[in-house]
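Structure, as structure tokens:
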Amino acid sequence: MTAQFAYPPDREELSAKKVSALESLLIEKGVITPQTVDKVLAYFETEMTPLNGKKIVVKAWTDPEFAEKVVTDTPAAIAELDFPEGMAGAEGEHLQAVANKPGVHNLVICTLCSCFPWPVLGLPPYWYKDPTFRARAAREPRKVLAEVGLELPDDTEIKVWDSSGHSRWFVIPERPAGTDDFTEEQLMDLVTTESMIGVALAGPVK
Amino acid sequence: MKLQHYLGGLEGLPELTSLEKRVFVEEWEKRIFGIHVAMMGLSNHLGSALPAYPIDQVPTAFKDEWTWADLRTGAEAMNPFDYFKYRYYEKWLGGITQFFIDKGYITEDELATRMAEPAAPPQDSGEPAIDDQVIAYLRYGDSPRRDVAHPKFEVGSTVRIANKPAGSHSRLPGYLRGRTGTVERVFEGDYAYFVHTGDGIGDPMPIYIVEFDPEEIWGPCAEGGPETLYAELFEAYLEPIEEK
Chain A
240 MTAQFAYPPD
250 REELSAKKVS
260 ALESLLIEKG
270 VITPQTVDKV
280 LAYFETEMTP
290 LNGKKIVVKA
300 WTDPEFAEKV
310 VTDTPAAIAE
320 LDFPEGMAGA
330 EGEHLQAVAN
340 KPGVHNLVIC
350 TLCSCFPWPV
360 LGLPPYWYKD
370 PTFRARAARE
380 PRKVLAEVGL
390 ELPDDTEIKV
400 WDSSGHSRWF
410 VIPERPAGTD
420 DFTEEQLMDL
430 VTTESMIGVA
440 LAGPVK
Chain B
189 MKLQHYLGGL
199 EGLPELTSLE
209 KRVFVEEWEK
219 RIFGIHVAMM
229 GLSNHLGSAL
239 PAYPIDQVPT
249 AFKDEWTWAD
259 LRTGAEAMNP
269 FDYFKYRYYE
279 KWLGGITQFF
289 IDKGYITEDE
299 LATRMAEPAA
309 PPQDSGEPAI
319 DDQVIAYLRY
329 GDSPRRDVAH
339 PKFEVGSTVR
349 IANKPAGSHS
359 RLPGYLRGRT
369 GTVERVFEGD
379 YAYFVHTGDG
389 IGDPMPIYIV
399 EFDPEEIWGP
409 CAEGGPETLY
419 AELFEAYLEP
429 IEEK
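Chains A and B, in that order, are what the protein sequence lines are. In terms of this note's numbering, the first sequence has 240 at position 1, counting the first letter as 1, and numbering is strictly consecutive. In terms of this note's numbering, the second sequence has 218 at position 30, counting the first letter as 1, and numbering is strictly consecutive.
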């Protein structure tokens, strides 16, 4: 082992102490308040969660007109639904949906950082920010998807979207077969964050 | 070249065996995320953002600009081997702490002392208007759109991706440099970027989706099969193909 990877044994404890000291000093100096960080976290725990994305997807599954609009004018389509104020807020200023269809599968990545549609999906899970995923999904998406459990037919086209501009992208997965008599709640249960980025399909139908 | 700009397509990386679906893997990571969002929501540039936040009237001691560009510039400036050594929020913690030290909000000594001896919970509840501004930023955002589009290229144009020196920050994925693609979409507006990166973006300009054939990018290392790669690129990163 070289010094390069000589992590201190108390690596996490040191970071925890450091961030705690930093937050405490910033409060003391009037940069933020004792509530600021908790309020930010609560915003993402209660209002901007993947539940918003699930509602959008299920609406697209059950309303063909909405399904068309959500890909051609994503912000306007989302504005029609009943959501907390802020769907066009931070990291949602320019939302863009792409829809899977028979023979076409979409995958969203961000090779330069971790651009993510916060109001639709909440905060990005670690896998999305993982340098190995980001690096490999650009060149060998089919292999990467298979490794994480999504084997696509050889003739399914994969469209990879690298988010390096202003848009924040998400995927409308296909509605699984055998769900015609499902309620909206049952349909929402089929939709995951992973399916709305394109590393999984909606489902499975139990 | 900066390795961080060339992440896309890097070879020799291991198989992905599972997906870590948690957003935060350690409790402390939540705190640095919250601090970063607060800084973005209190950044002094928001007075001229859309909407124009009354940032001058917010009773915070924070008087600097802090945007994604600052966080990203810091990550791109890292020793690339350190970049891959540290976990996501470890990089944020390092960059943000150093920012507050460099700008004189806190000192190294204060930080070390506070780390050794945590303070009692604050008695004063602070100025609620600070939190209101941070949440207002989250609800209303900071759109980079400044005008309708004034595009040089149209849908169907063949373009070559620029290959200029990267500078301290870039929004051009390295693997696209010098490659040829086709404009698939012209977005509706002209879009600014938080800073002038030194490689051409900053002032409002059109953004395009450019479509690439993976074989054009990766050559014989392309995966094969029906695949298309789309990148969303600022106009400064596109060059016309000269007619022969």
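Backbone N, C-alpha and C fix where the C-beta goes; we use that ideal spot for every residue, glycine too.
Closer than 8 Å to the CB of Asp302/A there is not a single CB belonging to chain B. Within the region 297-369 of chain A, complete beta strand (DSSP E) segments of at least 3 residues are found at 334-338 and 343-348, given in chain order. Cβ contact annotation for Tyr194/B (same chain, cutoff 7 Å, sequence separation greater than five): Gly362 and Tyr363, in chain order. A distance below 8 Å separates the beta carbons of Pro380/A and Glu415/B.
Nearest neighbour of Glu278/B by Cα position, chosen from Arg219/B, Gly413/B and Glu376/B, turns out to be Arg219/B.
Not flagged as an interface residue toward chain A: Phe341/B, since no C-beta distance is shorter than 8 Å. DSSP places Pro248/A outside both helix and strand once states are collapsed to three, so it counts as coil. Going by DSSP, Tyr418/B is part of the beta strand (DSSP E) stretching over Glu415 to Phe422.
For a cut-off of 8 Å, the C-beta gap from Val359/A to Val337/A is around 13 Å, too long to register as a contact. Non-local C-beta neighbours of Asp394/A in its own chain, meaning closer than 8 Å and more than five positions away in sequence, comprise Gly342, ordered along the chain. DSSP places Ile294/B in the coil class of the three-state scheme, outside both helix and strand. DSSP places Phe400/B inside the beta strand (DSSP E), whose first and last residues are Met393 to Phe400.
Within 7 Å of the CB of Arg334/B, no CB atom of chain A is found; the nearest one sits about 11 Å away. Residues of the same chain with a CB within less than 8 Å of the CB of Ala324/B, apart from the 5 flanking positions on each side, are Gly229 and Tyr241 in chain order. Around the beta carbon of Cys352/A, 16 or more other beta carbons lie within 10 angstroms, which makes this residue buried. When C-beta atoms of the region 331-340 of chain B are compared with those of the region 371-385 of chain B, three or more pairs fall below 8 Å, so the two segments count as touching.
Taking 8 Å as the cut-off, the beta carbon of Ala374/A is found no closer than this to the beta carbon of Gly412/B.
Within chain B, no C-beta atom comes less than 8 Å from the C-beta of Thr313/A; the nearest is roughly 12 Å away. Not a single CB atom of chain B sits nearer than 8 Å to the CB of Ala336/A.
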